[in-house]
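Participant: In this note's numbering, the protein residues as written are 1 to 1250. Handing you this structure, nothing more for now.
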Amino acid sequence: MPRENRKRGKRHKKTQETEEPVKEAEYINEEVTQDYHQGEPSWLKPAPKPEDEFNPEAPFGYVDTDLKAYIRTVDVQIKDWQENQEEPLEGGDEDPNEQKRLFLMAALTEMHQKEKQLATDPDCSIVLERMLYSMDDFVRRVFMDSMAGSYDILVKHRFASHVCQTMFNVAQDTISRETKGIYPSLPDSSDDGELRTLTQLVLDTSEELLPSFPSLFNDQFGSHVARALLLLLSPNLSSGEGQSQTTLRSKKSAAWKARQGPMKSLFDEEKGKGKQPVSRSVPAEFRQMSRRLVEVVREQSSENEIRAMAANQVASPGLQVLLEVEADLDMSYESGSLMDTVMMGAITTCRNSDDDLEESDYLGTLLRDPNSSRLLEVIVLRCPENVFHKLWSTYFHGKLARLAAHPVANFVLAKAIERTSLEELREVFSELGDAWNKLIKTSRTGVLRAAIERCHVHKEVGSSISEVMHKAFNLQSEEDKRLLVPCVLTLLPVEDYRYHLSNASQAKEPAPQQHSGRRQNHTAPDPLSPKIQGSLLIQSILKLPEPHNGFIAESLLQLPVDERIKIAQNPIGSRVYDALLDSTTVPGKYKRQFVMGFMDHYDVLVDDKLGSRVGDRCWSYCDTYLKEKIAKSLINKEHVLAASFYGKFFAKNLNLYLLQRRPEEWRNLQSERKRAADQANKPVTVKAADPAPAKAPEQKRAEKETKKRKNRPEDEIDALFNEKLGKKVKRAALEDTTSPQKASAESIAAAEVSKKSKKDRKKAKEDGSGDKELEQILGAIRAAPKSEGPVESAVYERNLLLFSTANIRPYYRDTAMEFDFQKYLQSHLSSTDSDSVKSTIRKVSGGLTNVTVRVSFQPPLDISLVAKQSASASSSQLIRTAILKHAPPHIASDPSQKLSVRRQTVEATALQVLETLLPSNQANKIRTPVLYLHDTENAVLWMEDFGEDAKPLMQMLRESQSSFELKDAEEFGAGLGQAIFHLQQATSGWIASPPSNLVDFQTSPSEELHAYLSQLTLKELRRNGMEESEAQEISNIVLKGLQELREVDAFWGMVDFWPENVLVYRENGTSVFGCGLIDWEYFGPSSVPAEIGMFVAHLHYHMLSTTDAEVQNRIRAFVTAMCRGYALARLSSNSELSAYPSQAFQWKTLVAYGRELINAADLYDNASRNDPVVASPELEKIRERVVHVGVMAIRAAGYTCSDVDLGCLVGRTSGGDTGARNRDDIEARWIYEAFDALAFRVDRRMIASK
């Protein structure tokens, strides 16, 4: 035979060659018979042809040879598209998936009415599976409908069963969309009748399989189809991705399918790992059908048959799924359930009596059998609670040491520990106390890891984990305990670790081996290489709550840098670092020490594929302050990073060029990236993906027009808006794609355009050819403030739109731009029946941004005639006085500073909302003024007047001979604290979904303003002579406090909550005091710790700036009562809020308190110079003292929530200056009192009477 015609492989019998002559003979015989009958009749007749026998390999016939060849080409093309996905061309008008859709539809057309033959063919069935992933909802319905009526044969076929299984898997998304009412469009032709929905097709298929469903579990091909159908029907087990592949396929089947290439949709836009889980909807009929399937298995299977399934290699996985579905349907606790049958009637026994179970040999066999032990794992996880505890006492208690060392039973024990109670978990640690070391030597760590993870629930036992780990690895001395991490990673006791370590250091290069005829690639594994089990143990410990995870973190930090880098560059060891940085329970100080531990070694760390990944994780964890430290340490090693294949990617994140030339721009860029990364990492709920419709021609033209618009030259208005408001670009482009050189070039180009526009405008103005209306619009835009936004201080305003002054111009005096209230009232009252009412106007002092007056009416004014649209005023209410507040379109004290009048709309809306949230209460006497009228046309608020004797809270507290006594301060402090909590309780849900009338006021703080506030703090620290590095660190903590943890105890508050916004007045001229909360212009999202920290800081400032003991005691009593009132209200509530403040609450409070106190030193400086209580020579000392206390609070907060240490509030002076030390103790005591009243964890020994 010629060489080119030879074929490799084993020889097979020539079946086709022997069959062909027979077929030819039959053909000839048929022709002869036909010729014979063409003659005269004969009594001879041909024998009847026997019916075709059933062929189990091809029950629906063989696939045509040409069609099979075509299907192979389809498979090759789909594989090529899946493995080599090309990015769509920029600017292309054609749909990149159009060619794939046409190709797929052509293939489906060729396959029409041949689906059954293709599904049973060994070569074509896998192609059908691959195509099922790319079918849309309509085609899936057609495909499944074409196989209806034959599922009883298909699910038991060797190849068609896998097609059915894949079809049930991909049907989940389509059924989810149908449940939500999303259906594909159907063709107009109705020749083939009505097409059922996929939901109905699944139900009909279940009905078809129902009679023979129990027999499928013992069939080697039908078993996995029955499992897939149950997972599809069960509402809580139909996630698909959440199920293990071993539930549906054996290891051999899964490995074979993995060799067939990627199985995914051609039109799947999700690429890479880390896809978000998709929540799927399941129709209610599926739950009923799954119940019927379980019931038919119960009815048609005897007890012995069910128990035999547990030990059967084919049926056991199916029985596991049946038990899962039965438990999900709450059918396990019934007598005669499948679980009850497998457990030898244990559930029935527990229902009828409280006696202990009798030990069964059958369950003891299941516990140790490799196949059935997985079934017992399902039972211990899903059986009823009382049954599990009796199962534990019968089969596990007293036998834990033997079961933990058994090669099979240890897996069941590990699953059982996941459900143990506190006492049972203590039994685990008690019984296995001497067996841990043996388990480590045999590498059976599943039981130990399950016990550690169970300590996440039973935190009381967590303290024994460190002792267990030290005993398991024979770590006795302090020197041995430093080797905990390497011993756990290598799963070696300390003596074995040291033995292998010494051998590794003394080992010589092996002699070259003599090669024989066969390859010898067998090398002994390195005993010092990290093991997966050891890495998982450390990761479980790092997830324990604080302080139970501290010992493993400390051991990790005690390792030499070279050893830590070695672990980072190992695929198994690097996962430990991921767990350390990701864990929310590891204190921040350990994470910071870990990141800083690589300082001066980052160039070595990132010079590796896995090490660079760890370096990126460290970089993403760091804040701007730490990033700057790391980047500056690598400036001299920039050439080393550039020369490294992996290090150059890390250097790209550093952006050292920008840091060296424009450090402030570099810091802003890093802060923006950090904020964007934190926002992206927030969990989101992803809905099921709907099939993407093809783009309409109008949409394509719109996209094309958008691309053209980007290339057009910028006109004057666009240039001005970009100059004032900033050019709108995609965030990704802002962060990654714009290089410093390109940014500079764009800035220069923008400046040239601006200069050119100015010249053109000047020329047009001179010759009179310009558009006057356009110039007026552009002038208004130029007058707009560049950076405004909401902040936690009364000094700063919201970033809102400008308000036109055209309507209120008639009431302005042209000379001083002062609002004429007299003219306004005359015009307003004359339009009603109150023209006989005389008004007297007196200006109220204290307003900076608004103009506020008190108006007296004689005779009393019927407010219902004025406030016709106000729901607050009654129909016949007479008022003698009222407060009128006008909001000009600028700051009242500085008309050159433009300011939006929309702030008044915020206050008016807030007063209407707060009238129901904070009603007048005799217990706390805290309320807001009644809103009479909001005149939006003239930007005037009419509000209730608390009286001429009303004074700000701070003035009442600081008066030496004040009628506001100590008991009054305590009473109002407690009432104010309770009011804060009631407001939090009422508005905490508004953060996610605010009321419709408040949606427009839900804004986000400005990053520029955050930076500005931190710079104010830095400026004040520099003024007080603090070292630059320390001042920068304090400023960075302040910036971090403004940017992060905004969601901690979030609610809608005053935002600028300080004592000047609290008025104390006498009710109706009596001696009873009342309290009014005013100035709600910045009402919006805030947080309780930020508001309380700010308020207490201002009160403490006045305590620090006076020497009057009576004033200090009065303020001190008010602060303590306010904090205690909030804490007690929170503790006694039944809300979802935690009774005690979290660490995040404490950290946020301390940072806000320290920041506001430092910044208040400059705010109150001028006022303090005119204060008679404060001695003038002491002003600088007061300023220094205030700043010092603020710094103490920020140091106590630390850099993260886990760094909070109230012990830092002790005095800064030791020895020498006794006066300074006593002063520090007093200051610390004041802060301690306030935070102890808030239920912080403080050392009460520091709280002593003065």
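For glycine and all other residues, C-beta sits at the position ideal for the given N, C-alpha and C.
(1) Under a three-way DSSP split, which group does Gln34 fall into?
(2) Taking Cβ positions, are Arg1195 and Ala974 nearer each other than 8 Å?
(3) Alpha helix (DSSP H) containing Gly550: first to last residue?
(4) In three-state DSSP terms, what is Thr909?
(5) What's the C-alpha gap between Asn386 and Arg291?
(6) Do the stretch 314 to 326 and the stretch 359 to 368 touch if we need at least three Cβ pairs shorter than 8 Å?
(7) If you reduce the DSSP assignment to three classes, tell me which class Pro317 lands in.
(8) Could you tell me the alpha carbon to alpha carbon distance between Ala103 and Lys79, rounded to whole angstroms?
(9) How many Å lie between Val225 and Thr120 at the Cα?
(10) With a CB to CB cut of under 7 Å and the five nearest residues on each side skipped, what residues in its chain are close to Gln984?
(11) Could you check whether Leu878 and Val855 sit closer than 8 Å to each other, using their CB atoms as the reference points?
(12) Count the other C-beta atoms from every protein chain shown that fall within 10 angstroms of the C-beta of Ser265, then say buried if there are 16 or more, exposed otherwise.
(13) Let me check understanding here. Comparing Cα to Cα, which of Leu357, Trp942, Val314 and Gly398 lies closest to Ser372?
(14) Consult DSSP for Gly886 and reduce its assignment to one of helix, strand or coil.
(15) Nearest by alpha-carbon distance to Leu489: which of Gln476, Lys967, Glu937 and Leu556 is it?
(16) Here's the rule: buried if 16 or more other CB atoms are within 10 angstroms of the residue's CB, otherwise exposed. What is Leu198?
(17) Considering Pro860, what are the terminal residues of the beta strand (DSSP E) in which it resides?
(18) Suppose you measure from the CA of Gly1074 to the CA of Arg1066; what does that come to, to the nearest Å?
(19) What does DSSP give as the partner residue(s) for Ser1087 in the beta ladder?
(20) Alpha carbon to alpha carbon, how far is Glu115 from Phe143? Give it in angstroms, no decimals.
(21) Thinking Leu605 and Lys591 are a contact (beta carbons under 8 Å), I'd like their distance in whole angstroms, please.
(22) Which of the three DSSP states is assigned to Met263 in this structure?
(23) Who pairs with Leu931 in a beta bridge, going by DSSP?
(24) Classify Pro214 as helix, strand or coil using the three-state DSSP reduction.
(25) In its own chain, which residues sit with a C-beta less than 7 Å from the C-beta of Lys415, not counting the 5 before and 5 after it?
(26) How would you call Asn1036, buried or exposed, if buried means at least 16 neighbouring beta carbons within 10 angstroms?
(27) Have a look at the DSSP bridge pairing and note the partners of Glu479.
(28) Quick check on Gln77: does DSSP put it in helix, strand or coil?
(29) Under three-state DSSP, which class holds Ser373?
(30) Could you check the C-alpha separation between Thr348 and Ser332 for me, to the nearest Å?
(31) Just the C-alpha distance for Asn921 and Val930, rounded to the nearest angstrom, thanks.
(32) In terms of residue numbering, what span does the beta strand (DSSP E) encompassing Pro895 cover?
(33) Starting from Val1064, trace the beta strand (DSSP E) both ways and give me its first and last residue.
(34) Compute the Euclidean distance between the alpha carbons of Lys648 and Glu479, then round it to the nearest angstrom.
(35) Looking only at its own chain, which residues have a Cβ that is under 6 Å from the Cβ of Glu638, when we skip the five neighbours before and after it?
(36) Between the alpha carbons of Phe1001 and Ser1086, how many angstroms are there, rounded?
Facilitator: Once the coordinates are examined:
(1) Because the pLDDT of Gln34 is 47, which lies under 50, any placement of that residue in the model is unreliable, and the number read from its coordinates should be weighed accordingly. Correct three-state label for Gln34: helix.
(2) no
(3) Gly550 to Leu557
(4) helix
(5) 24 Å
(6) no
(7) helix
(8) Sequence inspection shows Phe at residue 103; the Ala mentioned does not correspond to that position. Going by the C-alpha atoms only, they are around 13 Å apart.
(9) 15 Å
(10) Asp1049, Phe1051 and Val1088
(11) No, the pair does not count as a contact, with Cβ atoms beyond the cut-off.
(12) Classification for Ser265: buried.
(13) Val314
(14) With the sequence shown as reference, residue 886 is identified as His, and Gly is not the correct amino acid for it. Three-state DSSP puts His886 in a strand.
(15) Leu556
(16) buried
(17) Val851 to Asp862
(18) 6 Å
(19) For Ser1087, DSSP records a beta bridge to Ala1050.
(20) 7 Å
(21) That pair is no contact at about 16 Å.
(22) Coil at Met263, not helix or strand.
(23) Met943
(24) helix
(25) Glu377, Val380 and Leu381
(26) Classification of Asn1036: buried, given that the 10 Å Cβ count is 16 or more.
(27) Paired residue(s): none; Glu479 is not in a bridge.
(28) helix
(29) helix
(30) 10 Å
(31) Confidence at Asn921 is low in this model, with a pLDDT of 48, below 50, so the placement of that residue is unreliable and no value is reported for it.
(32) Asp894 to Lys898
(33) Val1062 to Arg1066
(34) 39 Å
(35) Non-local C-beta neighbours of Glu638 in its own chain, meaning closer than 6 Å and more than five positions away in sequence, comprise Leu656, ordered along the chain.
(36) Here the alpha carbon of Phe1001 sits roughly 12 Å from the alpha carbon of Ser1086.
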